[in-house]
Every structure is written in C-alpha cells, then in structure tokens.
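**Q** Residue numbers (the numbering used here): 2 to 371.
No residue lacks a Cβ here, since even glycine has one placed at the ideal position from N, Cα and C.
Quick caveat: nothing in here was measured; it's all calculated off a predicted structure.
Okay, here's the structure, questions in a sec.
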Amino acid sequence: MTSYRIALLPGDGIGPETMAATQIVLDRVVVEFPDIQLDCQSHRAGAELYRDTGETLPQAVLDACLDADAVLLSAIGLPDVRQPDGTEVQPTMMVGLRRALNLHSAVRPVKLYPGAPCPLKDTRAGIDLVIIRENLEGLFASFGGGSMVGDEVATDTLVVTRTGTSKVVDYAFQLASRRSGRPRDGKRKVTCVDKANVFRSMAFFRKIFHDVAAKYPDIDHDAVYVDAMSLYMVQNPSDFDVVVMENQFGDILSDLGAGIVGGLGLGPSAEIGDQHALFQPSHGTAPQLAGQNVANPLATILSAGMMLDWLGQTHNDATCVAAAIAVENAVAEVLAQGQVRTPDIGGTSSTTDVANAVADAIVASVRSDV
C-alpha cells in the first residue's frame, strides 16, 4: 500500500462545498483501489481567515503544503474582503504559494466531453488540447512590484528568463509525449503562443522554445501569435494538442478554452514544479452560490484526478494512474448520461448529487473490469 499526504485547502465561498464533494469521490477511490491510501488533512486559508485573523496563509499551513505530497486547493477569495491597499487577498495568497512551492508550469486541460455544453457549431473533430502557462514570470513577475509616478504614470515589467522558459517548454514537450496527439489526426504537437513580431521578450521566449524543441525530434512544433490563437481556438480547436505560452497570455487564453468546453465549472487545473504540485479548479468562489449546494464540483473532482495522475507519474505508481483514469472516465460517463448535472450546465442536481453520481460511476467502471 502506498500512502500519500494531501494538503486540502477548501478556501472560501463555494470552495468548501466543492471540496467536500471531491472528498466523496476520493473516499470511493481508496475503497476501489485499496493499494492507495490518501492521508488528507484540511487547512484553513484564504479570505475568511484573513477577515478573522489578518492572515491568508499562515506559516503553519504553508509548511503543511511544503511537507505534503500534493496540495488540493478549492476556490480562494471574496470580493468584499480586501487588503489595506484595496486589492483582494486571493492574488497575494496564490502568487505567494506558487513562489514558495516553485510551481513553474500551470496546466489547463481544454477537453470537450460528450454531453457537455459547447457554444461552437461544429465539434465533430473533437476538442482535446492542453494550455501550459509559464507560472512564475512573464507579466506576473511584476506582482507586488511595478512603479507609480504620482497619479500620472504606472509601469509593470514583463520578465522572460531562459531558465524559467526552458522549464515550462520542456514540461510541455514531456506532456505531449504522453498524450495521444491532437484530435484531428493524432499528431503530437507543441505550439508556442507569443507576440514575437513585436516584443523582444516574446522573440526570446520563442527562441528558447525552438532550442528546447530540438531535444524532441519526434514531436512536431510550431508557433502562433497570441491574437491569431484566440481566433484559431474558436474556429479550429482540433488543430491543437499542447500549447505553451507566457503567464499573462495563458491566464487569458485558458479562460477562453474553458468557455468552449462547458465553462469554468468543467475546468480543472494543475500547477507543477520540480518538487511540488498544486491542483485546483479554474473557477472562483461564487459567494452568491455559497451554502446552496448547487455549485458544480466537476472542476475540483477533475483536478483531483489530475493530482492522482501526477502522483502516479512522479512515484511510478501504476495503480494511482489507473485511479486517475477511473475518475476522469466517471466524470465523462456522468456528463454523457446527462441525468445528473448542476444548474450551470442545464440541470437541477445538487453538488452532492453530482459527487455521488461520479463516485457510483467509479464503482461501476472498476467492478465491470474485474
């Protein structure tokens, strides 16, 4: 039996509800896969904690995240809880956590499951791409910095380093080597998204991309300008497999990606470093829905599935990888059946109903294979 320590950060708003739903699924996973043991410890962090104590991420909680095998975080932040400078607490906490864990690559799957709503007219070729966002540099390197000159001038600096860019591009190619390729023809390909025709920093990003690509001759690669990519993702999403880009560009395009495959309620994510990894849904805290048991838990559940896959890949644990596949297949089955779904995707089911349906689908899938 392999035991993994998981630091849970339920957060704010609908966060505790989607986390509780995800724990229902993870509890079923450890029953159906008895060789896996998950030691899940919940820790309080975020806006509600800041309101009560003046801290968003106590040192003891950060230490628990550093000591854990993985971190599973739900939504953080509340619009009415602000720091003295008027900003929300969520960016400060998340940037600090990313830097402390050195999470260089943010991973946002953009996958259209049968039965999920999609605003695009023709999806016959399928949508299954992954956006890889550099997570520590780019424009976000100016977070907490920048400069102001009176009430007239404000500046922020975009930072691109060879070390940081090489790490995220290398991760993109490693991921592409494990995937089945783009939906249209199965070709494994990594696409660099930049604005290299205008900015020196972006031209440097692209140069590093090509340098790293040379180490992976079996994987195709190309480059697209970010404005064109926002068009291609809507017109021809099946043309793409893995796409990698600077921090701010990834922040924007990953939400566009969620919009074409059912919304943020179906958008999981991972943040990967050399030693640590954090997993969280892409959506916010939706405080207007908190306490109603109607929030969509599938993004958090899928994020937990990504966590199981990362643990399995990192620790060479085939059972953990199999559990990750079972979680994603169960979500896909629930969506395909269309009977249990939350209001954001056209249903009337509760958060708990969806979690139980996914858990039951895991049982049905695993036992049918025996």
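1) Does DSSP put E56 in a helix, a strand or coil?
2) Out of R185, V169, D186 and K190, which has the shortest C-alpha to C-alpha gap to R179?
3) Report the option in L58, A155, T93 and D242 whose CA atom is closest to the CA atom of R185.
4) Using the C-alpha atoms, what's the distance from G12 back to E49?
5) By Cβ distance below 8 angstroms, which residues in the same chain neighbour K188 in space, the five residues on each side in sequence not counted?
6) Find out if the Cβ-Cβ distance for the pair Y114, D70 is shorter than 8 angstroms.
7) Taking only runs that begin and end inside the stretch 181-258, name each unbroken beta strand (DSSP E) of 3 or more residues, in chain order.
8) Taking Q175 as the reference, which of N198, S143, I133 and A259 has the closest Cα?
9) First and last residue of the alpha helix (DSSP H) that includes R100?
10) Measuring CA to CA, which of V82, V111 and L9 is closest to M234?
11) Can you tell me the Cβ-Cβ gap for H316 and T3, rounded? I've got them flagged as a contact below 8 angstroms.
12) Do you know whose CA, among S202, N330, P282 and L267, lies nearest C119's CA?
13) Which ranges would you report for the alpha helix (DSSP H) in the stretch 18-58 if only whole runs of at least 4 residues count?
14) Per DSSP, which residues does M149 bridge with? Please list them.
15) If I follow the unbroken beta strand (DSSP E) through Y172, where does it start and stop?
16) On the DSSP bridge list, what partners appear for L79?
17) Should V30 go down as buried or exposed, given a rule of 16 or more other Cβ atoms within 10 Å for buried?
18) Is S270 buried or exposed, if buried means 16 or more other CB atoms sit within 10 Å of its CB?
19) Which whole-angstrom value is the C-beta distance of C66 and L98, which I expect to be below 8 angstroms?
20) Of all the options A324, S231, L159 and G339, which has the alpha carbon lying nearest to the alpha carbon of E135?
21) What do you reckon, is the C-beta of P115 under 7 angstroms from a heavy atom of the ligand SAH?
**A** The short version:
1) coil
2) K190
3) D242
4) 8 angstroms
5) G182, D221 and D242
6) no
7) 190-195, 221-226 and 243-246
8) I133
9) V90 to L102
10) V111
11) 7 angstroms
12) L267
13) 48-54
14) A155
15) Note, Y172: premise wrong, no beta strand (DSSP E); alpha helix (DSSP H) at R163 to R179.
16) Paired residue(s): none; L79 is not in a bridge.
17) buried
18) buried
19) 7 angstroms
20) L159
21) Looking for the ligand SAH in the displayed structure turns up nothing, as the structure carries no ligands at all.
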